[in-house]
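What follows is a single structure, written as structure tokens, with notes after it.
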Amino acid sequence: MSKYVIIGGCAAGISAVEAIREVDQVGTITVISEEPCPQYSRPMISDFVGGKAYLEKMKTRDDKFWTKQSVEALTGQRAVKLDTVKKFVTLENGTKVTYEKLLIATGGKPFVPKIDGLDKDGVFTFTSLSDAERLVSKIEAMQLKKAVVVGAGLIGISLTEALVKRGLQVTLVELQDKILSLILDPVASDLVANTIRSLGVEIITGQSVKNVLGKPETPNVVGGVLLTNGCQVLCDCVIFAIGVIPRTELVVGTDIKTNRGIIVDNYMQTTVPDVYASGDVAEVYDFVLNQNRLLPLWPLAVLEGKVAGYNMAGKKTEYSGGTNMSSLKYFGIPIVSIGLTNPKDVSSLEVLSAQSAEENVYKKLVLKDNVIVGMIFVNDIEKAGIFFYLMKNKINVQNFKHVLLSKTFSLATLPEAIRKEMKISE
Amino acid sequence: MKSYLPVDFIVERDESKCIRCKVCVNQCTYETHNYDAQDDVIRSKDENCVNCQRCVTMCPTHALSIKKNLGPFRDNANWSSEVIKDIKKQAETGGVLLTGMGADKPYLTYWERLLLNASQVTNPSIDPLREPMEIRTYLGAKPDALEIEFEDGDIDLKTKLAPQLILETPIMFSAMSYGAISLNVHESLARAAMRAGTYFNTGEGGLDSRLYKYGERAIVQVASGRFGVHSSYLNAGAAIEIKIGQGAKPGIGGHLPGEKVTEDIARTRMIPVGTDALSPAPQHDIYSIEDLRQLIYALKEATNYSKPVSVKIAAVHNVAAIASGIVRAGADIIALDGVRGSTGAAPKVIRDNVGIPIELAIASVDQRLRDEGIRNKASIVAAGGFRSSGDIVKAIALGADAVYVATAALIALGCTVCQKCYTGKCPWGIATSDPWISKRVNPEIGAERLVNLLRGWSMEIKEIMGGMGINAIESLRGNRLHLRGVNMTDTELKILGVKMAGE
Amino acid sequence: MKRIIAKQEHCMGCGLCEVGCAVQHSKSKDPIKAYNHEYPKPISRIRLELNKPVSFAIQCRHCENAPCVVACLTGAMTRDEETGFVKHNPEKCMGCWTCIMVCPYGAIKADVSGKIVAKCDACTELSVPVCVASCPNGALECKEVTS
Amino acid sequence: MIAKEIILAKLDSRFLPHVTFNDQICQVNAEGLHYRDLNSLLRTLDSHGVEKVELHSVCGQRYIGTDLKTGMAIEIYGTPGNDLAAFMNGPYITVYGNAQDCVANTMNEGKVVVHGRAGDITCYGMRGGKVFIRDDIGARAGIHMKEYMDKKPYLVVGGTAMDFLGEYMAGGVLLVLGLNLKGDEPHKARFVGTGMHAGVIYVRGNVAHMGKEVKMVDVEKSDMLTIEGLVREFCGYFKTDFEEILSKKFMKIVPYSHRPYGRIYAY
Amino acid sequence: MNELDNKFINPFNQDKDFAGCSIFGMMSLEGKRFSSEDPIKAISNMHDRSNGLGGGFAVYGIYPDFKDYYALHIMYLSKDAKEKTDRVLASCFNIIYDEEMQTKAAKVVDPPLLWRYFVEPKKRRSPNLPEDECVIQAVMRINTETGKAFVFSSGKDMGVFKGVGYPEDIAEYFCLEDYYGYLWSCHGRFPTNTPGWWGGAHPFNILDWTVVHNGELSSYGINRRYLEMYGYKCTLQTDTEVLAYAVDLLMRRQRLPIEVVSQILAAPFWSEIDSAEPKRCNVLRALRQTYGSLLMNGPFSVIVAHHGEMIGLTDRVKLRPLIAATRGNMLYLSSEEAAIRLVSPQLDKLWAPRGGEPVIGRVGDKKIVGSAVKVEEPQ
């Protein structure tokens, strides 16, 4: 009888459970999670802040999930030690949980720069539901009016929107020249930035927070931030949404090798047999860059967890890879961004783009050797998935390149062979 | 040149019903409807409308209707609106007036003047629902007598019968060429013929290789252009038909303009893509009756005498004599196409003025062949505007073995007889070679509609036969005693070989 | 399992499937009301893909390993174990468009509110999906397939 | 190798007096044989793998070469009847004598070489293969000839042609050498290329009377390549002097349009 | 002619009869008589061009003993007709000799009574009328008045033999092996409308003019009405009959040479006339203006013969076959070359005349008129 232990009950963990159960209905599964109810959607925490979501809605699986899958769910418990030789995990309360196959899906933790004033009341990070709950109760309790969001990445922007919805005045501070610089090119970035500004948000780019300032009357309470350029921004709270870093502390001292995250192969196995890792904690394969790297994205975590689960249960399954891919819904501008969207060196690349100011539409494709390696779609995203398919399957688009971005592009534009492969019609 | 032509039709759109779904826009192949995005409204160009009813049929809210433009011209029995418009059109183009489908004038039909018989009291009618009703028909040359060997009670047939076509219903699909009609229509006809136990005729444009599987139900045509005529084609069909003439345009050839010769059609016709496919009126190796015999036997040689050879002619003034010659030239089937026969394109002046009604042709040919004692040598297939099972029963009673239908088949497939086949833009996807428009006919649905039509007509034929007290179609064939005429002169009755009603 | 199959060779691009779908997913279920009097206009979950002479109607294929189910951040997109259809739960959807991003058929779109997605629900409440019933040319077929 | 005994055993007894074998060649005395019998005999020989047949004393039998499944070689001595090689799909026919009307009617593949003249309507609707006529041909030669994909029909005439040469021509190549014309005497044919809309007619010498659909232009280098190839083949069959034939100027007749009747209708 | 009789000859009340055919002609240019063997052999070789419903021969130089008298061949469809006809004949002619034509059993259909008369017109009846005209009037009268009697041959020192059957059967029936002539024209017929009627077979004859014809004249209606103005009665409803009468009118009565007559029957196109040199243009234009109604439109090839001359002609666009050949003093005309080759494997010349261009052979004139392009013997 196999015994599966999964540390982390979020995207990758749940997905792994389901994968294991597809293959093995009898082996025992134990899930260890710090959170009392880990099966909620982390990306929804902004909606939680924005008042659009509540826990019940955020649950990706219902409460009976664990029992239905015959999982021993050790929720609210933290794994603190791992022995890969004797194959057991030690919990915070001292309990030892032995395993035959282990999945580490501990995810990431927010990155906060080491600056002064972080201890003040009103400094937040923003990655988990508890972060969101804390923030909301603070806003409500203290009637906060002004917030500074540090980091204009996906989380920062989504939080900004949620805060705007709550009636706060927000200042967005971004170290890079452009917002969303990891996923958008300057054109798309400006499109978003203009919209955000039009809603009263102040965006400050090229700056970071030097330290957090207290209020004059109550220095322990956040009263503003000092930027690197010396300017001060007054606010009631500061939220750091710069990004996450892998939670690898559990593997310290074991033979499991890490880089920035845990190193895994394409079967999600770590350098130690029977130990797997997936999700934000692992460095996984990027099919665009053709190398492993951190890709802390929910859909990929699900996919990785699934691959890990299959392999743990003995169904050999290779991970086909992911890449940096995001869809944005904020401020009413739908955006899809995948892969190399803003390459620095375009010498070996080809960039196709189309823009319609009238409809506020922007589309861009980055091609390498006639294969799509990156794309941005702004405002007209319905068919983006078709391009992602072409990209993921590395389909040579040379023969129909000229129509890719035309208004009439559709599945019908694709060569018949591809449509056949996709089994679109009989 | 400024056109003086008024519009033929007016599109009426009920704005309260129009949902701007644009189905009319994309269904009209003549670009009558246009969506104006700025005003969110659909507008129609009446001058483009041919009243094909496609948009009316497809509109999900029944917001459309097409009205005839009753015309700006004063009523005049001689200078009718049609005449005035035709003259204006020619004054503006200097061309030959082209039209599609069969003659549309009211004065060329005799079916209405022939009435059928039914049994009363003295001879019993038969209930066709419960009793056997046989309408199977064999086409081909029959011997004058059979040689039978009779030995010790064992009977053996010595005579070898000529090859025959077997029809489970005496209705076949008449020649319509691939190119004039779409592949899907060809396939619909082929499938329906297969299922109904009858035959379809390829027309002169060859048979697409994808349809060879229906070859056993195909009559393959050989016309002057010899398009797609190849030994495999000749051997693919169940019979071969030499097309001499066609009722809609006796003495006139066919002409498939190059723009309609798409890749598929070119492959089937065995000509390069985009070249005009000209089928002049004469077969260039037939300028006399003995030449016809030469071609008939060339085709028999080419298929080792395994298939009946049909000769199709337009019914014209000397039709009986011509038919006699054709039979004597060795044809196993003679197909007669009357003045109301249809076409994809014909000069209007020819269509409406050349030829004779099929009723008279059937009657005179059947009688002539009997007078000459050669009726056995060939079957008669009549064509040209059969509209109902009633017409068909009358044709068979006059002497036809079977009939060809084409227009009725197309109507079953959606055709509304708008007479614009020659434009190649048939909104019903029928008379077109455009692969996009052609999709409008789904061969499976098409076949079902055609089989339904044949089924309905066949049942009606059986009903009529039952009423006459006849349970086998042989007893109807040429049985003119079951016909009576009304509203006819003695000469007409004489030619038709029928008595006046009441006689 | 029943699936809606598109038949490219028979699709003539009329768009009646779209009309049917939109009306079916409207409040009134009446075409004139739905299009002319409902605001926002109901949207169709099936889309006509057109590149003459190629055309076909595309809607959710209810893929076996549906990328949208995997990618869904909220658990709104699930597979119905019984019918095998990919179901979308609007209650759980947060409109993040991730499913749109990964759908190889482009078969998911924003719904009328623009706040969540809408996709083919296979009209499970009807005996025949409305798109199939609306197609005048047999270009859509609902038939049993083996997975 | 064919086993003549086996073949002879399979033949209808009435054919036996007509058939002899000389090595691998089957010799048929066609005298008194009706065309149906003669062609039936040829079919039988063809189906038994006979590759070469000599037909002697042929006098008017029609349809020779039709419905044979292989590329049988047939030598004809005498005068074959109408529709020689009609619908033919492969065989190689040589006629030592004149051919009558409708040679190569709708022929698809194969070859016909006539050591003499041919009648009217030669190569009607021909789609593929080659026909070589040593002397004159009758009226309407090459009518409705057409080409299709890799199929291209060729008719080469040593003498001159009669009226309506290349009428309705829709493809293929006609080459008329006029070797029997004196000096600058033009070709006899009137209405050359009337209705022609594709293909090409090459003439050695001049044509006085052409259809309104065609024009006469100078030959180009590529044309000469075609002409030279055909003339070389012609010379091979008929022992004619290649250089002498090439010494006279060739012209080519081509249609003005592929759509000669595009503008006659009022829509 | 009463309606009943009309029904008999033209049972289907056809405007005209038309027929496909084979034609063959053979003539000694020296006027030397020869037997029927070769002509019969040749015409039978084209068996497939006819269908057994008509065959016939015209032979010139067969009655040397009676060469000064008109030889009338008459077919009687009833006894009654012969009595009537004999009275007409007696009133018009001095009958020098008459007999039932010799026949023997053969594959022919319903042969009529066949009678041969040698006659001379009675001068006293109409002293100013040329003898030929007397004969024509009598022929027209017999053919139309009695209804069941038909004069199918009326020339001097020549005779027409024809009936319902294949030509070889007709030859057999008429015992043609016993006849010798210097010019034979032969016909195998493929009629399309009749169970076979003897008068409808070819050749057609008036005086010593005979025509055998292959094809159909689309212009028949007007050709016939034009000829009717000149007193010809077209009783046989065949286009060949009008050809015979047209030739009679133009060549015998109006004395136009065949070279001109061929330009009437197969008139050149206006485009050719317009481009001819002025003098010729003038003539050709006048011919077409005057004789337009005699333009024979539609496919035909014919062999027209009278004493001393045999003419082959096809329509102007050459829709029917005609092959001409010579060997020694013999001129051949035929629908198919094979027929000629059968009787004369070796030939001096063989050619296909072009459309509308006559081939003319005359006794005593070794030069053949016609367009022999290349005269070379195939090996």
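Protein chains in written order, with the working numbering: chain A, 17 to 442; chain B, 3 to 505; chain C, 650 to 796; chain D, 280 to 546; chain E, 8 to 386.
C-beta atoms are modelled at their ideal positions from N, C-alpha and C, and glycine is treated no differently.
Computed from a prediction, not measured in an experiment: that's the story for all the values here.
Quiz item: Taking the alpha helix (DSSP H) that residue 252(E) falls in, what are its first and last residues?
Solution: Looking up residue 252(E) in the fifth sequence gives position 245. Segment 246 to 254, the alpha helix (DSSP H) holding residue 252(E).
Self-check item: As assigned by DSSP and simplified to three states, the class of residue 299(B)
Solution: Along the second sequence, one-based indexing puts residue 299(B) at 297. It is helical.
Quiz prompt | Buried versus exposed, by CB contacts within 10 Å (16 or more), residue 84(A) | solution = Position 68 of the first sequence holds residue 84(A). Its Cβ having fewer than 16 others within 10 Å, residue 84(A) is exposed.
Quiz prompt | Closer than 8 Å to chain B by CB, residue 248(E) | solution = Mapped onto the fifth sequence, residue 248(E) falls at position 241. Contact of residue 248(E) with chain B is not assigned, every C-beta pair being separated by 8 Å or more.
Exercise. Would you identify the three-state DSSP class for residue 366(D), choosing helix, strand or coil?
Key: Numbered from its first residue, the fourth sequence carries residue 366(D) at position 87. If DSSP states are grouped into helix, strand and coil, residue 366(D) belongs with coil.
Self-check item: Rounded straight-line distance, which links the Cα of residue 240(E) to that of residue 151(E)
Solution: Your numbering for residue 151(E) matches position 144 in the fifth sequence. Your numbering for residue 240(E) matches position 233 in the fifth sequence. Approximately 8 Å, taken between the alpha carbons.
Practice problem: State the DSSP-derived secondary structure class of residue 196(E), mapped to helix, strand or coil. | Solution: Numbered from 1 along the fifth sequence, position 189 holds the residue referred to as residue 196(E). Here residue 196(E) carries a strand assignment [DSSP, helix/strand/coil].
Quiz prompt | Chain-ordered chain B contacts of residue 532(D) [CB-CB under 8 Å] | solution = As a first step, residue 532(D) must be located in the fourth sequence, where it is residue number 253. By Cβ distance, chain B contributes nothing, its closest Cβ being about 17 Å from residue 532(D), past 8 Å.
Practice problem: Report yes if the C-beta distance between residue 259(B) and residue 268(B) is below 8 Å; otherwise report no. | Solution: Within the second sequence, residue 259(B) is the residue found at index 257, counting from 1. Within the second sequence, residue 268(B) is the residue found at index 266, counting from 1. Their beta carbons are not under 8 Å apart, which means residue 259(B) does not touch residue 268(B) by this criterion.
Exercise. Note down the Cα distance separating residue 427(B) from residue 436(B), rounded to an integer number of angstroms.
Key: Taking the second sequence and counting its residues from 1, one reaches residue 427(B) at position 425. Taking the second sequence and counting its residues from 1, one reaches residue 436(B) at position 434. Rounded to whole angstroms, residue 427(B) to residue 436(B) spans 8 Å at the Cα level.
Quiz item: Does the beta-carbon distance from residue 187(A) to residue 249(A) come in below 8 Å?
Solution: For this step, residue 187(A) is matched to residue 171 along the first sequence. For this step, residue 249(A) is matched to residue 233 along the first sequence. Closer than 8 Å, so yes.
Exercise. State buried or exposed for residue 1(B), treating a residue as buried only when at least 16 other CB atoms are found within 10 Å of its CB.
Key: The first residue shown for chain B is 3 and the last is 505, placing residue 1(B) beyond what the model contains.
Quiz item: At a cut of 8 Å, does the segment 732 to 740 of chain C reach the segment 664 to 678 of chain C through at least three beta carbon pairs?
Solution: no
Practice problem: Could you give the DSSP three-state label for residue 702(C): helix, strand or coil? | Solution: Reading the third sequence from its first residue, position 53 is the one you call residue 702(C). Coil at residue 702(C), not helix or strand.
Quiz prompt | Any chain C beta carbon closer than 8 Å to residue 334(A) | solution = Within the first sequence, the letter at position 318 stands for residue 334(A). No, residue 334(A) lies away from the interface with chain C (no Cβ there is under 8 Å from its Cβ).
Quiz item: Is it a yes or a no for the segment 174 to 194 of chain B touching the segment 441 to 450 of chain B, going by three-plus beta-carbon pairs under 8 Å?
Solution: yes
Quiz item: How would you call residue 158(B), buried or exposed, if buried means at least 16 neighbouring beta carbons within 10 angstroms?
Solution: Translated into the one-based positions of the second sequence, residue 158(B) becomes position 156. By the 10 Å Cβ count, residue 158(B) comes out exposed.
Quiz prompt | Contact the segment 74 to 83 of chain A vs the segment 191 to 202 of chain A: 3+ CB pairs below 8 Å | solution = no
Quiz item: According to the Cβ coordinates, are residue 295(A) and residue 27(A) closer than 8 Å?
Solution: As a first step, residue 295(A) is located in the first sequence; it is residue number 279 there, counting from the start. As a first step, residue 27(A) is located in the first sequence; it is residue number 11 there, counting from the start. Against a cut-off of 8 Å, the Cβ pair of residue 27(A) and residue 295(A) comes out as a contact.
Practice problem: Could you tell me whether any Cβ in chain C is nearer than 8 Å to the Cβ of residue 265(B)? | Solution: What you label residue 265(B) is simply residue 263 of the second sequence in a count that begins at 1. Residue 265(B) does not count as touching chain C.
Self-check item: Where the alpha helix (DSSP H) through residue 63(A) begins and ends
Solution: The residue given as residue 63(A) occupies position 47 in the first sequence. 61 to 66 is the span of the alpha helix (DSSP H), which, as asked, contains residue 63(A).
Exercise. Determine the direct distance from the alpha carbon of residue 133(E) to that of residue 163(E), and round the result to whole angstroms.
Key: Position 156 of the fifth sequence, counted from the start, is the residue given in the question as residue 163(E). Position 126 of the fifth sequence, counted from the start, is the residue given in the question as residue 133(E). Near 20 Å, if we compare the C-alpha coordinates of residue 133(E) and residue 163(E).
Quiz item: Using a Cβ-Cβ cut-off of 6 Å (strictly less than) and excluding sequence neighbours within five positions of residue 231(A), which residues of its own chain qualify?
Solution: For this step, residue 231(A) is matched to residue 215 along the first sequence. Excluding sequence neighbours, residue 231(A) sits near 237, 239.
Quiz item: Do we get a CB-CB distance below 8 Å when we pair residue 233(B) with the residues of chain D?
Solution: Within the second sequence, residue 233(B) is the residue found at index 231, counting from 1. At least one chain D Cβ lies under 8 Å of residue 233(B).
Practice problem: Indicate, with yes or no, if the ligand FAD has a heavy atom lying under 7 Å from the CB of residue 450(B). | Solution: As for the ligand FAD, it is missing from this structure, which has no ligand bound.
Quiz item: Can you list, in chain order, the residues of its chain whose CB lies under 6 Å from that of residue 331(A), leaving out five sequence neighbours each side?
Solution: Position 315 of the first sequence holds residue 331(A). Around residue 331(A): 39.
Quiz item: How about residue 683(C): is its C-beta nearer than 8 Å to some C-beta of chain A?
Solution: Here residue 683(C) corresponds to residue number 34 of the third sequence, with the count starting at 1. It does not: the Cβ of residue 683(C) has no partner Cβ on chain A nearer than 8 Å.
Quiz item: Rounded to a whole number of angstroms, what is the C-alpha to C-alpha distance between residue 502(B) and residue 138(B)?
Solution: Within the second sequence, numbered from 1, the residue matching residue 502(B) stands at position 500. Within the second sequence, numbered from 1, the residue matching residue 138(B) stands at position 136. Their Cα atoms are separated by approximately 30 Å.
Quiz item: Does any CB atom of chain A fall closer than 8 Å to the CB of residue 708(C)?
Solution: Numbered from its first residue, the third sequence carries residue 708(C) at position 59. No, no contact with chain A.
Quiz prompt | chain E contact for residue 338(D) (CB, 8 Å cutoff) | solution = Indexing the fourth sequence from 1 puts residue 338(D) at position 59. Chain E contact via Cβ: present.
Quiz item: Nearest-angstrom Cα distance between residue 8(E) and residue 217(E)?
Solution: For the purposes of this step, residue 8(E) is taken as residue 1 along the fifth sequence, with counting starting at 1. For the purposes of this step, residue 217(E) is taken as residue 210 along the fifth sequence, with counting starting at 1. Summary for residue 8(E): the model assigns pLDDT 36, below 50, so the residue's position carries little reliability; its value from the coordinates is reported in the next sentence. In a straight line, the C-alpha of residue 8(E) is about 25 Å away from that of residue 217(E).
Quiz item: Tell me, which residues are paired with residue 240(B) by DSSP?
Solution: Here residue 240(B) corresponds to residue number 238 of the second sequence, with the count starting at 1. In the DSSP output, where bridge partners are listed per residue, residue 240(B) has none listed.
Exercise. Could you pull the start and end residues of the beta strand (DSSP E) that residue 100(E) belongs to?
Key: As a position in the fifth sequence, residue 100(E) is number 93, starting the count at 1. 100 to 107 is the span of the beta strand (DSSP E), which, as asked, contains residue 100(E).
Exercise. Identify each residue in the segment 737 to 753 of chain C for which the Cβ-Cβ distance to at least one residue of chain A is less than 9 Å, and report them in chain order.
Key: 740, 741, 743, 744, 745, 746, 747, 748, 749, 750, 751, 752, 753
Quiz prompt | CB contact below 8 Å: residue 114(B) versus chain C | solution = To locate residue 114(B), count along the second sequence from 1; it is residue 112. No, residue 114(B) lies away from the interface with chain C (no Cβ there is under 8 Å from its Cβ).
Self-check item: Residues near residue 251(B) by beta carbon distance below 8 Å, same chain, minus five either side
Solution: For the purposes of this step, residue 251(B) is taken as the residue at position 249 of the second sequence. If we look at residue 251(B) and ignore the five residues flanking it on each side, its Cβ neighbours are 316, 345, 348, 349, 352, 353, 356.
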